[in-house]
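Numbering (our numbering), first residue to last: 12 to 473. Glycine included, C-beta positions come from ideal geometry on N, C-alpha and C. Working notes, structure below.
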């Protein structure tokens, strides 16, 4: 592979020089893509041998290391995380499936080793065989030094959240693993329905939501809190599903249909990539169920054409920069959050572009009238508790608009962005966030610039 790249060094040099400019646009660090796929010859051959190359309803795209590097260089992507795509290569023969998965993982590790800093990989597992999957976890993480694990939403009908996967989850929890999820065709599934509406258009979103919902109602994240799950495709339908599920939890528990659900832990464990049809609206919807430090860039290469992906990246930078509520998080989404998730940095949050590094924000919130009293209690409690317990929180002060009591304004002042990150990870903020999800009709975050930051301590000491 390296010899071929040397032959093409003039073109590669031109791409690299162009990429420098692209990387500067995303911060000198360059973008980290947490959602890309490796499609090796051995994997393709296994699917062809079982007549399954189009099992997901569309053909596998061409893939090579050289092509992906060319795309990455052109787009300004520093590092890509490789994962196995769908379908799961299990066709009734557990030993053959394990051999195929082992081969793909070894090939992924070889790509990572050949191009230091350009690739990470999350190893595939030979599910539905749980014992074989546990063996592969050990080999992948200890011998191949995989950066995480990729799990299908279901493996031939075995869904994430099912009790038979508990030993696997316990081991991943012990290892504090990063686990990237990806939708696979559900079983059974209507062939005529798939023919009319390909899986990737809609069912993949439903499938991801189905699997995560099953994990939540079986309290997987509550029982295995050290696993960090990455949910693909802008969170699928979870921004819609989570508030509904949460509101119905008490009724379902009264009827003994579900057990204990730790909502705070469940949602705190989830990260989301922006592969697919991302937009400012999509990001704002995600922020109703998560926090800015849990959103990651993903491309879905090679399933989407490089030119389309590059246009999408430029569009993302434009809408993030143009939106006062999102602009500050651009570097976090494009690389900072992924650096911390995969241990590529020491965990320092990017400094805010504000006078004296102080973060000042006005939260503009509209509350449903029937929840107003309950919301005001939550807001008052979290503000007071945060100021008392967190040295980095200068002020969290909720107010009502005189002309409309359902319009709430909260002045938030933090000493720096690191203090903000500690605040949103705190138990009392998570309790406030999950407790008020169904109460809030709309939320707009307006970042402000303090004109006299040195006067802040004097003002708030009076």
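Where the alpha helix (DSSP H) through residue i begins and ends
{"i": "residue 400", "result": "383-400"}
{"i": "residue 203", "result": "202-207"}
{"i": "residue 343", "result": "Looking at the DSSP string, residue 343 is not in any alpha helix (DSSP H), and its letter there is neither H nor E."}
{"i": "residue 459", "result": "No alpha helix (DSSP H) holds residue 459; the beta strand (DSSP E) holding it covers 451-459."}
{"i": "residue 114", "result": "105-125"}
{"i": "residue 278", "result": "274-279"}
{"i": "residue 269", "result": "No alpha helix (DSSP H) contains residue 269, which DSSP labels as neither H nor E."}
{"i": "residue 227", "result": "214-228"}
{"i": "residue 233", "result": "231-234"}
{"i": "residue 149", "result": "141-149"}
Residue i classed as buried or exposed, judged by whether at least 16 other C-beta atoms fall within 10 angstroms
{"i": "residue 198", "result": "exposed"}
{"i": "residue 218", "result": "buried"}
{"i": "residue 457", "result": "exposed"}
{"i": "residue 259", "result": "exposed"}
{"i": "residue 493", "result": "Residue 493 is absent from the structure shown; the chain starts at 12 and stops at 473."}
{"i": "residue 204", "result": "exposed"}
{"i": "residue 381", "result": "exposed"}
{"i": "residue 348", "result": "buried"}
{"i": "residue 359", "result": "A caution first: residue 359 carries a pLDDT of 47, below 50, which makes its placement in the model unreliable, though a value can still be read off. Its Cβ having fewer than 16 others within 10 Å, residue 359 is exposed."}
{"i": "residue 166", "result": "buried"}
{"i": "residue 212", "result": "exposed"}
{"i": "residue 425", "result": "buried"}
{"i": "residue 47", "result": "buried"}
{"i": "residue 366", "result": "Note that residue 366 scores 40 on pLDDT, short of 50, meaning its location in the model is unreliable and no value can be drawn from it."}
{"i": "residue 319", "result": "exposed"}
{"i": "residue 264", "result": "exposed"}
{"i": "residue 412", "result": "exposed"}
{"i": "residue 158", "result": "buried"}
{"i": "residue 384", "result": "exposed"}
Where residue i sits in the DSSP three-state scheme
{"i": "residue 44", "result": "strand"}
{"i": "residue 292", "result": "helix"}
{"i": "residue 335", "result": "coil"}
{"i": "residue 97", "result": "coil"}
{"i": "residue 184", "result": "helix"}
{"i": "residue 410", "result": "strand"}
{"i": "residue 4", "result": "Outside the modelled stretch of the chain, which goes from 12 to 473, sits residue 4, for which no answer is possible."}
{"i": "residue 156", "result": "coil"}
{"i": "residue 248", "result": "coil"}
{"i": "residue 49", "result": "strand"}
{"i": "residue 79", "result": "helix"}
{"i": "residue 376", "result": "strand"}
{"i": "residue 443", "result": "helix"}
{"i": "residue 36", "result": "At residue 36, the pLDDT of 43 sits below 50, so the modelled position is not reliable and the matter cannot be decided from this model."}
{"i": "residue 195", "result": "coil"}
{"i": "residue 330", "result": "helix"}
{"i": "residue 84", "result": "helix"}
{"i": "residue 311", "result": "coil"}
{"i": "residue 370", "result": "strand"}
{"i": "residue 169", "result": "strand"}
Spatially closest choice to residue i from the options, by CA coordinates
{"i": "residue 252", "options": "312, 271, 60, 225", "result": "225"}
{"i": "residue 191", "options": "410, 381, 441, 93", "result": "93"}
{"i": "residue 6", "options": "102, 41, 97", "result": "Outside the displayed span of the chain (12 to 473) sits residue 6, for which this structure offers no information."}
{"i": "residue 289", "options": "269, 344, 257, 313", "result": "344"}
{"i": "residue 328", "options": "317, 341, 336", "result": "341"}
{"i": "residue 96", "options": "89, 88, 66", "result": "66"}
{"i": "residue 387", "options": "240, 420, 370, 403", "result": "420"}
{"i": "residue 153", "options": "169, 127, 142, 134", "result": "134"}
{"i": "residue 324", "options": "57, 168, 82, 50", "result": "82"}
{"i": "residue 178", "options": "189, 168, 148", "result": "148"}
{"i": "residue 195", "options": "49, 99, 55, 352", "result": "99"}
{"i": "residue 267", "options": "229, 183, 248", "result": "229"}
{"i": "residue 120", "options": "43, 91, 385, 145", "result": "91"}
{"i": "residue 337", "options": "274, 55, 294", "result": "294"}
{"i": "residue 183", "options": "193, 227, 239", "result": "239"}
Start and end residues, beta strand (DSSP E) containing residue i
{"i": "residue 133", "result": "130-134"}
{"i": "residue 429", "result": "Premise fails: residue 429 lies in the alpha helix (DSSP H), 428-436, not in any beta strand (DSSP E)."}
{"i": "residue 418", "result": "415-425"}
{"i": "residue 159", "result": "159-163"}
{"i": "residue 241", "result": "239-242"}
Worksheet item: So does the segment 300-315 actually touch the segment 192-209, counting three or more Cβ pairs closer than 8 Å?
Response: no
Discussion item. I'd like to know if the segment 108-115 and the segment 59-76 are in contact, where contact means that at least 3 CB-CB pairs between them fall below 8 Å.
Written reply: no
Worksheet item: Is the segment 275-294 touching the segment 233-251, taking contact as three or more C-beta pairs under 8 Å?
Response: yes
Worksheet item: Between the segment 367-378 and the segment 445-453, do at least 3 Cβ pairs fall closer than 8 Å?
Response: yes
Worksheet item: Are the segment 96-110 and the segment 133-153 in contact at 8 Å, needing three or more beta carbon pairs?
Response: yes
Discussion item. So, does the segment 434-443 touch the segment 397-408, judging by three or more C-beta pairs under 8 Å?
Written reply: yes
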